[in-house]
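Working notes for the structure below.
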Amino acid sequence: MHTLSKGGAGSGIRIWAGGLLLALAVGGALYAGAARTVNDDAEQRFDNLTHSAQHSLITRVKSYSDLLRGLEALFRTSEHLTRRQFHDYVAGLDIARQFPAIESVNYAVAVPSAQRAAFIEAVRKDTSLSPRGYPAFTIRPAGERPEHTVLTYLEPDSLLAERMGVDIGANPLVAQSLAQARDSGEVSASGQVIMIKGPPAHVGLGMRLPVYRNGMPQGSVAERRAAYQGSVGIGFGVAQLVHSALERSALEPLHLTLYSAGEPLPAQGVLRITPQDRLLFNDDGDLAAAPPQPGSDAGYFDQVLPVAYQGGLWKAHFRVRKAELYSPFDRYFPWLALAVGVAGTLLIYGYIFTLYRSRRNAVAQRTLLDTVLDSVDAYVYMKDADLRYRYVNARTAKILGRPAEQLIGRQDGELMLGDAAASAQRTERQVFDSGAKFVGEERFVDAQGQVHHLWSVKVPLGLPGPVTGLIGLSTDVTELHRLKEQADAASQAKSDFLSNMSHEIRTPMNSIIGMAHLALKSVADARQRDYLQKIFHSGQHLLGLINDILDFSKIEAGKLELEVLDFRLDTLLANIASQLGDAAAVKGLALQFDIAPELSQRWRGDPLRLEQVLLNLTSNAIKFSDNGSIFVRVRQSEERGSHSMLRFEVQDRGIGMNQEEVAQLFRSFHQADPSTTRKYGGSGLGLVISKQLVELMGGKVGVYSQPGLGSTFWFTARLEKSAQAADERIAEVEPEVLGVIRGASILLVEDNVFSQQVGCELLEDAGATVCVACNGREALELLAHQRYDCVLMDVQMPEMDGFEATRRIRADPQLAGLLVIAMTANAGSEDRARCLAAGMDEFVTKPIAPNLLFRLLAKWFRLRGGIGNIGRMRASDRLAAPTAPPAGAAPESRDTAILDLGTLALTFSNDAAKMRKYTQLFLDTARDGIAEMEQAMALEDLGRLADLGHRSKSSALAVGAHAFAGLCTSIEGLRVGGDLQQARTLLTALRPALAQVAEQISLEFAASDTP
C-alpha cells in the first residue's frame, strides 16, 4: 500500500484545479452553442409551420377552383341544364361542411340585348324548381346594354330575392373580369373586393369560370367568344376560407395577416408589405387597425409568403413569439449543456487520471496472477478461434518443452507429436461449434515419449455471442489412471471367479434337477415324492440364484451384449403368462395384460432380456401379493424416427413399501426390508440385474409404492420399429379369408409370362378362377364380353399400360365400379398417388407376398358385399359404406351389414378376448360420441357435428360396424351444403343403429362362447 506525501497532495490539488478551469471553459462553449441551436430549431419549426399554412391556403383556393370546374362540367353534360338539376347537384356537394367559406354558388347567363325579352319570359315560366315559377323576374339594373350577364341559378335559395336577375356585367370591373375569363377559358378572380359588414365584418371575394356551348370549337379567342353561353361562379368570405384551411393544422402559435398584393411579385429579393397592398384578413378580427409590420419586434419570428389566387397574388404575413416555439426542454437545454460540459469534462479528466493509475495497478495484478497460475499444479492455457495459444502457464510450457514466449501464436500441430494434436483440435473444435463446455480425459505424449493421462476442462469464451476462444485447465491424472487399471483388474478377476464358479456349479445342478424330474415320473410313494419335489424345487431355486450371479458378473464385467431380433409383444407377454400363470393361480391371483390398442405388435430388440426383466418384476409382484390382480401394461412414451421408447408397468396390490424402503431398492444383494428375505426368500440381485439390463436397452427403471396399497414397478426400453410391422397380421391366412376369395372371378393383367404363371397358381390354389390378359388392350376386350370380380392390373405393359386401361374402365358406365388393384415394382408415395389418381382402388408392390394379396382381396370383397356384386357396383359407390350381403346368400343369424367381425378378426388374428375387449370399447366411445353430437346439434354447430361424425366413422369401420359407419359418413358430409333438418334426421337414426350393433356383438360372442 502506497501513501501520498504532502508534496504529492499539493500536486494533486493543482492538477484538479486545472481540470476545473478546463471544465468551465468547455461548459461555456457548450452553453453558447446550445442557445444558438435552440434558436435555430425554433426558427426551423416556424419556417415549417408557415410553409404548411401557405400550402393549406393554396390547396383550399385550388379546391374552390376545382369546384368551379365541376360546375362547368355539369353544364357540359346537358345542352339545357335545368334549375332543378343545378339545385340537386349543389345540394350533393354538401357546401356547408366541405366548403364552409362559400356563401353563394351561381350561374350567370350571357343574354344578348335582342334576346332579353324572350329570356325574361323563359325564366318566369321555369317551374323545374318552383311550381309557381318566377313571375316577378326581371333583369337588374334596368336599361339597355349590348349584352347582359344575368344571375339566373343561385344557391342557397335565400339569395334569390336579393340577387336573382342581377346583371353582374353592368359593373365595369366585373365585366372586365368576365371578358378575361371568357377569352382565356380559365378561372378568374372577381374584379373587386367586397367588404361585407357582417356581423362579423369580413372581406368577400369571388371566382368565375366560363361555360361554353357543347360541340362548338374553342381553339381561338374568336371561337371561344362564339361558343360562350355564360359563367359559373362562387362567392366566399376570406376569413372563413382562412379558418377552414388552417383549422386542422397545428398552427395555434401563429398570427396571420393576409393582403391582396397591389403590385406584381418581385423577381428577386424579399417579399414585403407595401402601402398599395389591401388588407383582406387579420386574425384578431380588426380590419381597421394597422397590423404589425415585418421585423418590427425582435421578440417575434415573422415571414411574408406568397399565395397564388387565380392570376392574382395574396401576401400572407406570419408571425409568432419566439418563446412560444421553445419547448420546456429548449428553455433548460443551454443550462443543461453547461452542466454536462463541466461535469463531463471533469469526468473525462478524472477518467484519464484514473486510467493511468489503473494501468499501473493492472501491471502489478498481472504479475501476481502469473505467479499464482505458474504455481498451480495444473496445465492452464488459453486459445483463440484459430486454436492458437494466447496464454500458457509455466507448467504448460514445461510439458510442451519450450519457453512460453515461443508457444504464443502457435497451434498444437506445431508442438505435439503423433495423433495428440489432431485429437486435441477435434475436441476443441467441438467446443467452438457447440458452445458447450468439454469435460473429459485426454491422452498426451510429451517430447520424451512419456504418456500422460489428463483430466481436462475446456470452457468457451464469448458466450452468449459467437465463441471467440477457450480456456483450458488440465490436471495430470496418470497416477489415478494406473490405480484405476489395478482396480479394474481386481474387479475383472472377481467377475471371472464368479462366472467360473457359476458355470462349475450349474453342471451338477442341472443333473440334480433333471434326475429329480425323471424320478418324480416313476415314484408313486407319497413320502418319496415329497422328498423328490423338495429336492427339485430347491434345485430350481438354487439354479435361479446361480443364474442371477452369472448375469451380475457379466454385467459388471461389461460382457453382456444385447441381441437385436424381431419379436411380437403379444408373444412376449404370452410367455410371461405361461411361466407365471400357475404360480399366480396357486395364490388366487389373476394375471392381466394390457397393450395399448394403437401400439404395433412387432418390434426389434432383445426379447430374452425384456422377458427376463418382466419375469423378475412379475414374479416379485406375485411373491409379495396375496389377493387381487397383477396388471402388466405396455404403452409408448416417446417416438423418434425408426425408434420408440416403450414403457412397461407391473402393478400389484401387495404389501407395498415406504419411501425409505424404496430408496434402498436396486442395490446389489439388498432387499427393501431384510425380514422379507426370511418370509419370501430371494437374493436381492433380481432388481439390480433388471436395472442394469434396462439401462443397457437405453431406458430407466422406477417404482411407485405405498405401504399396504401395493407397488407399481415400471421401466422403459428403446426398441426399433420392425420392418415387418405393417405386415404383422399376415403371417398366416385364416380359412375364412380363403373362403371369401373362393369362387371369385379375377382378371390378371400382366405381360411377364413367369408372373402370369405364379399369379395364376397362387390365385387358383386359393379357389379363384383366373383369366390372363397380356396388356391393357386385351383386358378391355375381355371385360367387354365377361364379368369379373376384380382386376389385378400391372402398371407397365406394352401397347396400353395399366394407367390408361384403368382410366378407360372408369370411363365406361358398365365397368366404372369394378375393383382394380395395381401391381407395380415401384413402391414410392408418388407411384401410389399416381395409381390412385388413375382410378385404381388399391396398390400392392412386387414381389407380392401371397398372404398379403389374399387378405387384401378378402378385405375388398367384404367391403363390396362379396363376390358377384362387385362388377355391378356404381362408380359413386366405390368409396361409400359397404352394402348388405346379396339376397341370395344363405340365411344367417348374424347381419354383416350391421357388424362384420371379419375386419376385427383380421386385426387381432381371431383373438376372441381382444376382439371382445375392443368391441366393448367401441360401444363406450360411440355412446360418448353420440352425446357430443347431440350437444353440437343443440348449438346448431354443423362443423363440430361433421368432425364428430368423422371421428366415430373411423372407429366404426375399424370394428366392422358398416351401417353405423354409413350414418357417420353422411353426418360428416353435412360440412358442405348440409342443413339442420337433415342433421336431426341422421342423428335420430344413430342410437337405434348403435343398439343394433350392440345386439349383434352380444350374438357374435355368445356364439363364440358356446362349446
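The numbering used here applies: residue 3 is where the sequence shown begins, and numbers increase by one. C-beta atoms are modelled at their ideal positions from N, C-alpha and C, and glycine is treated no differently.
Whole-angstrom Cβ separation of residue i and residue j, contact assumed at under 8 Å?
{"i": "Ala933", "j": "Leu976", "result": "Contact flag wrong, Cβ pair sits at about 18 Å."}
{"i": "Leu616", "j": "Val634", "result": "7 Å"}
{"i": "Ser1053", "j": "Arg649", "result": "As displayed, the chain neither begins before 3 nor continues past 1013, which places residue 1053 out of reach and without an answer."}
{"i": "Ile1016", "j": "Val846", "result": "What is shown of the chain runs 3 to 1013, which leaves residue 1016 out entirely."}
{"i": "Tyr391", "j": "Lys400", "result": "At roughly 14 Å, the Cβ-Cβ gap does not stay under 8 Å, so Tyr391 and Lys400 are not in contact."}
{"i": "Glu752", "j": "Asp803", "result": "Actually they do not touch by this definition, with Cβ atoms about 12 Å apart."}
{"i": "Phe238", "j": "Tyr91", "result": "18 Å between Cβ atoms; not a contact."}
{"i": "Ile170", "j": "Ala110", "result": "6 Å"}
Between the alpha carbons of residue i and residue j, how many angstroms are there, rounded?
{"i": "Leu881", "j": "Ala592", "result": "Here the model assigns Leu881 a pLDDT of 35, short of 50, so the residue's position is not dependable and the matter cannot be decided."}
{"i": "Leu698", "j": "Gln666", "result": "21 Å"}
{"i": "Gly30", "j": "Thr347", "result": "12 Å"}
{"i": "Leu337", "j": "Lys324", "result": "According to the sequence as given, residue 337 is Trp; it is not Leu. For Trp337 and Lys324, the distance between alpha carbons rounds to 18 Å."}
{"i": "Gly471", "j": "Val382", "result": "14 Å"}
{"i": "Asp478", "j": "Glu651", "result": "46 Å"}
{"i": "Val240", "j": "Pro296", "result": "22 Å"}
{"i": "Asp729", "j": "Gln603", "result": "Legend: pLDDT at Asp729 = 46, less than 50; position of this residue unreliable, value from coordinates given subsequently. Cα to Cα, Asp729 sits roughly 10 Å from Gln603."}
{"i": "Met166", "j": "Ala119", "result": "16 Å"}
{"i": "Ala995", "j": "Lys955", "result": "13 Å"}
{"i": "Leu988", "j": "Asp791", "result": "33 Å"}
{"i": "Ser115", "j": "Ile141", "result": "11 Å"}
{"i": "Pro308", "j": "Leu23", "result": "52 Å"}
{"i": "Arg809", "j": "Ala940", "result": "45 Å"}
{"i": "Gln56", "j": "Ala318", "result": "8 Å"}
{"i": "Leu6", "j": "Arg368", "result": "Confidence is the limiting factor: at Leu6 the pLDDT is only 41, short of 50, which leaves the residue's position unreliable, though a coordinate-based value still follows. For Leu6 and Arg368, the distance between alpha carbons rounds to 24 Å."}
{"i": "Ala291", "j": "Gly217", "result": "53 Å"}
{"i": "Val690", "j": "Gln758", "result": "59 Å"}
{"i": "Lys486", "j": "Ala426", "result": "23 Å"}
{"i": "Ile597", "j": "Thr573", "result": "12 Å"}
{"i": "Ser878", "j": "Lys861", "result": "Its pLDDT being 38, under 50, Ser878 is placed unreliably by the model, and the measurement read from it follows with that caveat. Going by the C-alpha atoms only, they are around 19 Å apart."}
{"i": "Ala727", "j": "Glu641", "result": "Reliability of the predicted coordinates at Ala727 is poor, the pLDDT of 48 falling under 50, and the value obtained from them is presented with this limitation in mind. Cα-Cα distance, rounded: 15 Å."}
{"i": "Thr620", "j": "Leu582", "result": "8 Å"}
{"i": "His483", "j": "Ser458", "result": "14 Å"}
{"i": "Ala1000", "j": "Pro852", "result": "35 Å"}
Just to confirm the assignment, what range does the alpha helix (DSSP H) spanning residue i have?
{"i": "Ile869", "result": "No alpha helix (DSSP H) holds Ile869; DSSP gives it neither H nor E."}
{"i": "Asp332", "result": "330-377"}
{"i": "Thr620", "result": "609-625"}
{"i": "Ser692", "result": "688-698"}
{"i": "Gly94", "result": "85-94"}
{"i": "Phe121", "result": "118-126"}
{"i": "Glu663", "result": "661-665"}
Ends of the beta strand (DSSP E) at residue i?
{"i": "Ile473", "result": "471-478"}
{"i": "Gly239", "result": "230-239"}
{"i": "Asn284", "result": "280-284"}
{"i": "Val634", "result": "631-642"}
{"i": "Asp185", "result": "No beta strand (DSSP E) holds Asp185; the alpha helix (DSSP H) holding it covers 174-186."}
{"i": "Asn108", "result": "104-114"}
{"i": "Leu567", "result": "567-570"}
{"i": "Leu267", "result": "No beta strand (DSSP E) contains Leu267, which DSSP labels as neither H nor E."}
{"i": "Pro212", "result": "204-214"}
{"i": "Glu801", "result": "Taken as a continuous stretch (DSSP letters only), Glu801 belongs to no beta strand (DSSP E), as it is neither H nor E."}
Using only CA atoms, which one of the options lies nearest to residue i?
{"i": "Asp372", "options": "Ser436, Thr398, Tyr351, Thr129", "result": "Thr398"}
{"i": "Thr921", "options": "Gly951, Leu959, Glu936", "result": "Leu959"}
{"i": "Gln998", "options": "Val978, Ile973, Ala967", "result": "Ala967"}
{"i": "Tyr230", "options": "Phe335, Glu81, Ala380", "result": "Glu81"}
{"i": "Ile196", "options": "Thr151, Ala489, Glu326, Leu282", "result": "Leu282"}
{"i": "Trp716", "options": "Gln653, Ala292, Gly868", "result": "Gln653"}
{"i": "Ile515", "options": "Tyr351, Leu534, Ala526", "result": "Leu534"}
{"i": "Thr259", "options": "Ala228, Asp279, Pro293, Phe238", "result": "Pro293"}
{"i": "Phe1007", "options": "Leu950, Gly979, Met917, Gln984", "result": "Met917"}
{"i": "Gly841", "options": "Ile275, Ser1004, Phe805, Asp43", "result": "Phe805"}
Any beta carbon of chain B sitting closer than 8 Å to that of residue i?
{"i": "Ala576", "result": "This model lacks chain B altogether, as it is built from one protein chain only."}
* For the segment 804-860, which segments carrying the beta strand (DSSP E) assignment without a break, of at least 3 residues, lie completely within its bounds, in sequence order? -> If one requires a minimum length of 3 residues, the beta strand (DSSP E) runs lying completely within the segment 804-860 are 821-826, 844-847, in chain order.
* 3 or more residues per run - each beta strand (DSSP E) lying fully within the segment 914-972 -> Within the segment 914-972, no complete beta strand (DSSP E) segment of 3 residues or longer occurs.
* **alpha helix (DSSP H) runs contained entirely in the segment 390-431, provided each spans 4 or more residues** => The DSSP assignment places 396-402, 406-409 as complete runs of the alpha helix (DSSP H) inside the segment 390-431, in order along the chain (cut-off: 4 residues).
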